[in-house]
Structures are given as structure tokens and as C-alpha cells.
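Going letter by letter, the sequence shown gives residues 2 to 214 in our numbering.
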Amino acid sequence: MGISRSTQQIAAYIFGVTFVVAMLTIAIFLPQPSSFQIFVFRVVLALAAAGVAAMIPGFISVQLGSAIRAGGAIAVFAVVYFLNPAAIVVKSEPGPLPNGNPRAVAEAYLRVADTLSFDNAWALFSDAAKKAYDEAALREAFANARVPLNAIRNRKLQGVQSFTSLPGLSPAHYRVFSYVSIFSDGTPRGESVSVMSENGAWRIGGHNIQILP
2 MGISRSTQQI AAYIFGVTFV VAMLTIAIFL PQPSSFQIFV FRVVLALAAA GVAAMIPGFI
62 SVQLGSAIRA GGAIAVFAVV YFLNPAAIVV KSEPGPLPNG NPRAVAEAYL RVADTLSFDN
122 AWALFSDAAK KAYDEAALRE AFANARVPLN AIRNRKLQGV QSFTSLPGLS PAHYRVFSYV
182 SIFSDGTPRG ESVSVMSENG AWRIGGHNIQ ILP
């Protein structure tokens with residue numbers, strides 16, 4: 002005599018609850034898993050979800066784009082595995098605060114930028130900033146906004162702001178230094194340099210120049 006349908010459903014329910022508790026426990030004690038661990042979790046979670054779905058009456062059908070079509074338990078596996086939630090989870094901790102003086106890093110960068118060499122200035126940008134910005138577009142902006150101003154006559158620090166995130170960049174410790182700068186044309190301009198933490202050091206996150214109102 003086989004196992005009744007109701008007994009199978011109860012077993013599936015108990016398994017589902019146990020599995021959810023296990024996944025929550027793992028999430029608490031392993032908040033930053035490696036990429037391989039995430040892959041294993043996805044496979045196991047998808048298989049478990051498919052197993053539970055196999056016990057649910059009715060038929061499930063799913064289509065992901067034009068490449069994946071599935072039904073029943075396989076459909077649930079496809080949904081759980083291919084709709085990857087780990088891809089949209091962003092690390093939100095800025096990490097440890099680096100040693101060193103971020104203002105010194107910002108002003109060392111400005112001295113390089115004042116030579117009007119984009120390549121040398123770009124070399125000081127953080128890896129995160131280089132990934133976030135298009136180098137060709139930034140090169141063009143530097144040529145149009147900074148190079149025509151020629152030599153710096155005077156630059157005075159107006160203030161500094163601290164952040165743990167900036168638009169388009171990863172979570173980190175940020176210091177944004179604001180200056181009033183006077184270049185060869187004698188017109189005061191607002192100039193800002195953002196410095197960010199990366200791999201235990203302060204690196205350049207951005208540079209902006211604008212005419213003051």
C-alpha cells in the first residue's frame with residue numbers, strides 16, 4: 002500500500018518549513034557567502050522548491066524569454082534558479098575606514114590634474130570609479146572643461162562632506178572636498194573632488210568643475 006496523497010503533502014510541508022529555517026540560519030551566520038557558495042545555495046534551493054512544487058496539485062507553466070520553457074516542478078526549478086536574487090543584492094557595508102589623510106590624496110590629485118594630463122589624472126582614480134565611468138567620455142569632459150582653463154591661480158578649500166555612498170559608485174567611505182578655484186581667466190569656479198576608500202586606501206572617486214552662481 003502506497004503513501005497517501007495527504008501524507009505526502011504533510012511531509013512536503015514539514016520539509017519546506019525545515020528548509021526555510023535552515024536557509025534563514027545560514028543567512029544569519031553566513032551573511033557574505035562566496036560566489037561558489039551562492040551557486041550551491043541556488044541549486045539546492047531550486048531543487049527543494051521543485052520537490053515541494055511536485056506535491057502541489059495543479060500544473061505550473063513558465064517561460065523565461067525565448068530560451069526557457071518548462072512546466073510543473075521543472076518550471077519552479079527554472080524560476081528559482083534563473084531568476085537569480087543574488088545578482089541584485091548589493092553589498093551595503095562601506096568596510097573599514099582607511100588610514101591616511103584623504104585631503105592629501107585629493108590635493109595630490111589636483112596637482113596632477115593641474116598639469117592638464119588626463120592620463121596621469123585617470124591613473125589615480127579608484128578601480129570602482131574606473132568601472133563606473135566611461136573613460137572616453139571622461140577624457141572628453143576633461144578636455145572640454147579643465148584643459149581650456151589652463152593654469153590654476155588660486156584654490157581655497159570651502160568644506161568637506163562625508164558619505165557612505167554616492168550615485169553610481171559602490172558603498173564605501175567618501176570624502177567630498179569643495180573648493181573655490183580661480184584659473185587663468187580669473188572667473189571663480191566651484192570645484193569638487195571625491196575621495197573614496199578602496200582596498201584599505203584612499204583613492205579618487207570623481208572630479209567636478211562648475212561655474213559658481
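Beta carbons: idealized from backbone N, C-alpha and C, even for Gly.
Predicted, not measured: the structure shown is a model, and the values here were computed from it.
Through-space distance from residue 131 to residue 140, alpha-carbon basis: Translated into the one-based positions of the sequence shown, residue 140 becomes position 139. Translated into the one-based positions of the sequence shown, residue 131 becomes position 130. Rounded to the nearest angstrom, the gap between the Cα atoms of residue 140 and residue 131 is 12 Å.
Three or more C-beta pairs below 8 Å linking the region 99 to 108 and the region 174 to 181: Yes, the region 99 to 108 is in contact with the region 174 to 181.
Inter-residue CB distance, residue 112 and residue 210 (contact presumed, cutoff 8 Å): Stepping through the sequence shown from its first residue, residue 112 is reached at position 111. Stepping through the sequence shown from its first residue, residue 210 is reached at position 209. For a cut-off of 8 Å, the C-beta gap from residue 112 to residue 210 is around 15 Å, too long to register as a contact.
Of the listed residues 161, 40 and 133, nearest to residue 206 (C-alpha basis): For this step, residue 206 is matched to residue 205 along the sequence shown. Proximity to residue 206 across 161, 40 and 133 peaks at 133, based on C-alpha coordinates.
Which listed residue (201, 187, 185 and 181) has its alpha carbon closest to that of residue 194: Counting from one through the sequence shown, the residue named residue 194 turns up at place 193. Answer by Cα proximity: 181.
Residue burial classification, residue 114 (beta-carbon count within 10 angstroms, cutoff 16): As a first step, residue 114 must be located in the sequence shown, where it is residue number 113. Per the 10 Å Cβ criterion, buried.
Per DSSP, cross-strand counterpart(s) of residue 202: Walking along the sequence shown from the start, residue 202 turns up at place 201. Checking the DSSP bridge columns, you'll see residue 202 partnered with 199.
C-alpha distance - residue 212 paired with residue 190, whole-angstrom precision: Working through the sequence shown from its first residue, we reach residue 212 at position 211. Working through the sequence shown from its first residue, we reach residue 190 at position 189. Cα to Cα, the separation comes out at about 5 Å.
Supposed contact pair residue 99 and residue 198 - C-beta distance, whole angstroms, cut 8 Å: Residue 198 sits at position 197 when you count from the first residue of the sequence shown. Residue 99 sits at position 98 when you count from the first residue of the sequence shown. About 5 Å separates the Cβ atoms of residue 198 and residue 99, confirming a contact at the 8 Å cut-off.
Where residue 103 falls, given that 16 or more other Cβ within 10 Å makes a residue buried: By 1-based counting over the sequence shown, the position of residue 103 is 102. Classification of residue 103: buried, given that the 10 Å Cβ count is 16 or more.
C-beta atoms of residue 94 and residue 172 nearer than 8 Å: The count along the sequence shown starts at 1 and reaches residue 94 at position 93. The count along the sequence shown starts at 1 and reaches residue 172 at position 171. Less than 8 Å divides the Cβ of residue 94 from the Cβ of residue 172.
Simplified DSSP state of residue 110, which is helix, strand or coil: Position 109 of the sequence shown, counting from 1, holds the residue named residue 110. Residue 110 falls in the helix class under three-state DSSP.
Which of helix, strand or coil DSSP assigns to residue 147: What you label residue 147 is simply residue 146 of the sequence shown in a count that begins at 1. Residue 147: coil per DSSP, three-state reduction.
Cβ neighbour criterion (16 or more within 10 Å) applied to residue 7: For the purposes of this step, residue 7 is identified with residue 6 of the sequence shown, where counting begins at 1. Exposed.
DSSP bridge partner residues for residue 189 (one or two, in chain order): The residue you call residue 189 lines up with position 188 of the sequence shown. Paired residues: 183.
Reduced DSSP secondary structure (H/G/I, E/B, other) of residue 155: Against the sequence shown, residue 155 aligns to sequence position 154. In this structure, residue 155 counts as strand in the three-state DSSP scheme.
Residue 121, enclosing alpha helix (DSSP H) - first and last residue: In the sequence shown, the residue the question calls residue 121 occupies position 120. Here the alpha helix (DSSP H) through residue 121 covers 119 to 123.
N- and C-terminal bounds of the alpha helix (DSSP H) containing residue 173: Numbered from its first residue, the sequence shown carries residue 173 at position 172. Counting along the chain, residue 173 falls outside any alpha helix (DSSP H), and DSSP gives it neither H nor E.
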